[in-house]
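Here is the structure we will look at, set down as structure tokens.
Residue numbers (this note's numbering), protein chains in the order written: chain E, 80 to 696; chain S, 72 to 323.
The structure is reproduced here in structure tokens:
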């Protein structure tokens, strides 16, 4: 990789690079995204390598590992270009067959293509699969095109193209104007206008200024930012270079959580590559502009995703948030003007510069422009990463992209925005998903987690789970959040153990109102969302826990009761053998009985019984 | 109420006197002041717990919350950290403020039911008992962080700090072991509003944070002055021989 001395040099290199690349070159792309990697995508790639070598196809067929291909539920995913044949659930054993059938004979391996869960129809090409049809990939566009560890790949698909425009035909103010016109709002959750944030930082007095990329994605079940950092690290770097130029920063930080070792590795590699190529360092592309990036690793605290806590952590202090003002744009990292944006926001920037603000605003709603990446998980058929225009309805995302609920179960609720989001009931399925409408129904956009729940989820238990998570992760600095979460956790403990009182519900609401307004940072302020939304939409579930001491979804263990129906029990003793505490007794071949005093409600007898004689209520 | 020392983090680029409205009454204040300083200077009562005029405010306790802005766009902020702005509208006792303050006091009562200062503050706000669960009836620490800040900002040794997160949050020395940095000065114990930091003095030895400190007697009258470690720390700051500090204030 040469060090690019000028834009012409870069363009010349790109032209040559493209000339050597045949767009019709047969390519096997093995997904190495967060979903497929643990399912063995490395082994699959190795099997392909061997299979291709066996058939003498080395050099004729390219083999690449790429970022997340989206449909994580059906991993390991393999995409064959240029036909765009999408294979699902590929194992190392299938590699030989795919090479033989598809790459040599030009056929299709039927059993590995996508089959519609309802009609059973085969969908061979990526574009035929409903999961991809409604998606508008901007941030995820390059993920299944490039090898994240190859700068050449990134350059070949137009990477670092925006720098030419930015450095040589735009003033910093014009860059900010474009970002402001695009209406891009922070993808980390709060949805502050990115352009306005940049302008504040540009106008702020103080030198040097800083740029931070927030990659401390800690929401349970969320992996949007991880997929981007692992699959397209250069896009983040390119976005940060543009941001640095706009506000006049010389130093940037990428704060990545320690739990993402692959993201750290690939970002480090990408930064080295970018330095070598002259995209980072002094006088980038011989422009009068210098900028470099450091990686800072988080040490496992969820609260460090909060911007002021994150900056304290970079500075080497305890990750505790500070009251605002001063805002980071005025006095951020080391007390100096700082722009802090989330990974997805940064990855949007090069596209906005390349394609223009107008193009970006053509997607989305009045107040929320562009697209949003969601990690769709839970009780849906197709879990995975989706990128849809703002304003897409929940129904479209869950039923069209997600392929509906597993086993055709009825939809109960969807929880958006990570642990501090609210649970949205079925009545709002046609809600267009954007920052404002989610807030109106008591939830948040958050970073884009989306957990779908069916009737087997107890909403009291769901809220209890999130409160427990937030209680463990709250930094404990301010009283409302620290003591409030402690009390909420205690109240949920009481309710799910059958010791709840109706007065507890009012107390919860009282407490939540104070926590939402009086906590220092977003963690405490939004921690009340799971509580208030379930109290509002699923109050009857709380009431049956408290009044009837029953869990309607049969989830809360202390409220369950296991009995054996003497009519149906055959006395086979299968349950007796399973019971870990010896609570079941009786004569062989006669009805058994459960000692309620001894029973720990583990449910093993329920699962062991072949005759449905064990009753759970 | 003194407002001589500004909170460090409130950096006002230009210092000027502006007008703002507290409870609808226009008052004048300096832009380098916090809302709390402005309110107290003009006689408006705002309760505080973790605020100390000689320490930078960090907004731990959230008792000093006030409502700013005009309906419908209002929000609660810390009076102790929020800087004075021209034409700022501040409500010190609005319904939202009283509700939040009440809940904060109830939460603190549940945390430290024996702490006299909490009981007094709560009683002043008409709260005599808490609806919340009391986990430890003997607990006194309210995690206001005054001790930590005093040790860092006034003493300058940072021997103690906040450790862990919510479930186990506490003030502690590093690794909860006897701290080398501690000079035994006892400022933390002195500033603690609930008197929870234990220390003993017996036979010329002060014990605090798990360490024993030899107390230095005055070379003239023989009364104990301070731990020797503290006097050595002073000497290291001033560059004088430590013996200079071996005379107590009364005999000097």
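Using N, Cα and C, we set each Cβ at its ideal position, and we do this for glycine too.
Residue interval of the beta strand (DSSP E) (run including residue i)
{"i": "residue 295 (chain E)", "result": "No beta strand (DSSP E) contains residue 295 (chain E), which DSSP labels as neither H nor E."}
{"i": "residue 678 (chain E)", "result": "It is not in any beta strand (DSSP E) - residue 678 (chain E) carries neither H nor E in the DSSP assignment."}
{"i": "residue 251 (chain E)", "result": "No beta strand (DSSP E) holds residue 251 (chain E); the alpha helix (DSSP H) holding it covers 251-261."}
{"i": "residue 162 (chain S)", "result": "160-162"}
{"i": "residue 502 (chain E)", "result": "502-504"}
Chain-order list of residues whose beta-carbon lies under 7 Å from that of residue i (same chain, five-residue window excluded)
{"i": "residue 413 (chain E)", "result": "394"}
{"i": "residue 78 (chain S)", "result": "In this prediction, residue 78 (chain S) scores a pLDDT of 40, lower than 50, which makes its location untrustworthy; the coordinate-derived value is nonetheless stated afterwards. Excluding positions up to five away in sequence, the list reads 105, 127, 128 and 152."}
{"i": "residue 87 (chain S)", "result": "102"}
Residue span of the alpha helix (DSSP H) that contains residue i, given as start and end
{"i": "residue 544 (chain E)", "result": "538-552"}
{"i": "residue 322 (chain E)", "result": "312-326"}
{"i": "residue 422 (chain E)", "result": "422-434"}
{"i": "residue 689 (chain E)", "result": "Residue 689 (chain E) -> no alpha helix (DSSP H), and no H or E assigned at all."}
{"i": "residue 233 (chain S)", "result": "Unbroken run through residue 233 (chain S) is the beta strand (DSSP E), 232-234; no alpha helix (DSSP H)."}
{"i": "residue 187 (chain S)", "result": "187-195"}
{"i": "residue 218 (chain S)", "result": "217-220"}
{"i": "residue 222 (chain E)", "result": "Segment: none, residue 222 (chain E) is in no alpha helix (DSSP H) and carries neither H nor E."}
{"i": "residue 175 (chain S)", "result": "166-182"}
Assumed close pair residue i, residue j - CB separation to whole angstroms, cut-off 8 Å
{"i": "residue 147 (chain S)", "j": "residue 155 (chain S)", "result": "That belief does not hold up - the Cβ atoms of residue 147 (chain S) and residue 155 (chain S) are roughly 17 Å apart, past 8 Å."}
{"i": "residue 384 (chain E)", "j": "residue 297 (chain E)", "result": "5 Å"}
{"i": "residue 145 (chain S)", "j": "residue 93 (chain S)", "result": "Not really, about 14 Å apart at Cβ, beyond 8 Å."}
{"i": "residue 499 (chain E)", "j": "residue 302 (chain E)", "result": "Not confirmed; about 18 Å, so no contact."}
{"i": "residue 265 (chain S)", "j": "residue 212 (chain S)", "result": "7 Å"}
{"i": "residue 492 (chain E)", "j": "residue 538 (chain E)", "result": "7 Å"}
{"i": "residue 527 (chain E)", "j": "residue 452 (chain E)", "result": "6 Å"}
{"i": "residue 584 (chain E)", "j": "residue 614 (chain E)", "result": "7 Å"}
{"i": "residue 681 (chain E)", "j": "residue 653 (chain E)", "result": "15 Å between Cβ atoms; not a contact."}
Collapsed DSSP secondary structure at residue i in the structure displayed
{"i": "residue 92 (chain S)", "result": "strand"}
{"i": "residue 291 (chain S)", "result": "coil"}
{"i": "residue 343 (chain E)", "result": "helix"}
{"i": "residue 695 (chain E)", "result": "strand"}
{"i": "residue 511 (chain E)", "result": "strand"}
{"i": "residue 576 (chain E)", "result": "coil"}
{"i": "residue 460 (chain E)", "result": "coil"}
{"i": "residue 529 (chain E)", "result": "strand"}
{"i": "residue 419 (chain E)", "result": "strand"}
{"i": "residue 309 (chain S)", "result": "helix"}
{"i": "residue 569 (chain E)", "result": "helix"}
{"i": "residue 84 (chain E)", "result": "coil"}
{"i": "residue 375 (chain E)", "result": "strand"}
{"i": "residue 478 (chain E)", "result": "helix"}
{"i": "residue 352 (chain E)", "result": "helix"}
{"i": "residue 281 (chain E)", "result": "helix"}
{"i": "residue 649 (chain E)", "result": "coil"}
{"i": "residue 361 (chain E)", "result": "coil"}
{"i": "residue 150 (chain S)", "result": "coil"}
{"i": "residue 163 (chain E)", "result": "coil"}
{"i": "residue 322 (chain S)", "result": "coil"}
Beta-carbon contacts of residue i that lie in its chain and below 8 Å, excluding the five residues immediately before and after
{"i": "residue 83 (chain E)", "result": "89, 92, 356, 357, 358 and 364"}
{"i": "residue 215 (chain E)", "result": "442, 450, 466, 467 and 468"}
{"i": "residue 196 (chain S)", "result": "118, 169, 172, 173 and 176"}
{"i": "residue 581 (chain E)", "result": "622, 625 and 626"}
{"i": "residue 598 (chain E)", "result": "557, 559, 560, 563, 604 and 606"}
{"i": "residue 475 (chain E)", "result": "213 and 467"}
{"i": "residue 629 (chain E)", "result": "623, 638 and 696"}
Contacts around residue i, its chain only, beta-carbon distance under 6 Å, and the 5 residues preceding and following it disregarded
{"i": "residue 505 (chain E)", "result": "490"}
{"i": "residue 247 (chain S)", "result": "none"}
{"i": "residue 677 (chain E)", "result": "660 and 662"}
{"i": "residue 461 (chain E)", "result": "150, 152, 210, 481 and 482"}
{"i": "residue 127 (chain E)", "result": "107, 142 and 174"}
{"i": "residue 83 (chain S)", "result": "For residue 83 (chain S), the predicted model reports a pLDDT of 48, less than 50, meaning its position is unreliable; a value from the coordinates is still stated below. Once the five neighbours on either side are set aside, the close Cβ partners of residue 83 (chain S) are 102 and 103."}
{"i": "residue 310 (chain S)", "result": "none"}
Near the ligand FMN: residue i beta-carbon under 7 Å from a heavy atom
{"i": "residue 148 (chain E)", "result": "In terms of ligand content, the structure shown is empty, and the ligand FMN therefore cannot be addressed."}
Cutoff 8 Å: residue i Cβ touching any chain B Cβ
{"i": "residue 563 (chain E)", "result": "The chain labelled as chain B is not found among the protein chains of the depicted structure, namely E and S."}
Could you tell me whether the segment 587-606 of chain E touches the segment 549-564 of chain E, where touching means 3 or more Cβ pairs closer than 8 Å? Yes, the segment 587-606 of chain E is in contact with the segment 549-564 of chain E.
Can you confirm whether the segment 161-177 of chain E touches the segment 112-127 of chain E when touching is taken to mean that 3 or more C-beta pairs between the two stretches lie within less than 8 Å? The segment 112-127 of chain E is in contact with the segment 161-177 of chain E.
Three or more beta-carbon pairs under 8 Å between the segment 668-683 of chain E and the segment 573-580 of chain E, yes or no? Using a Cβ-Cβ distance cut-off of 8 Å, the segment 668-683 of chain E and the segment 573-580 of chain E are not in contact, since fewer than three pairs of beta carbons, one from each stretch, lie closer than that value.
Check whether the segment 312-330 of chain E touches the segment 236-252 of chain E, taking contact to mean three or more Cβ pairs, one atom from each stretch, closer than 8 Å. With a cut-off of 8 Å, the segment 236-252 of chain E and the segment 312-330 of chain E count as touching, because enough Cβ pairs lie within range.
Pairs of beta-carbons, one from the segment 286-303 of chain S and one from the segment 316-323 of chain S, closer than 8 Å: are there three or more? Enough Cβ pairs lie closer than 8 Å, so yes.
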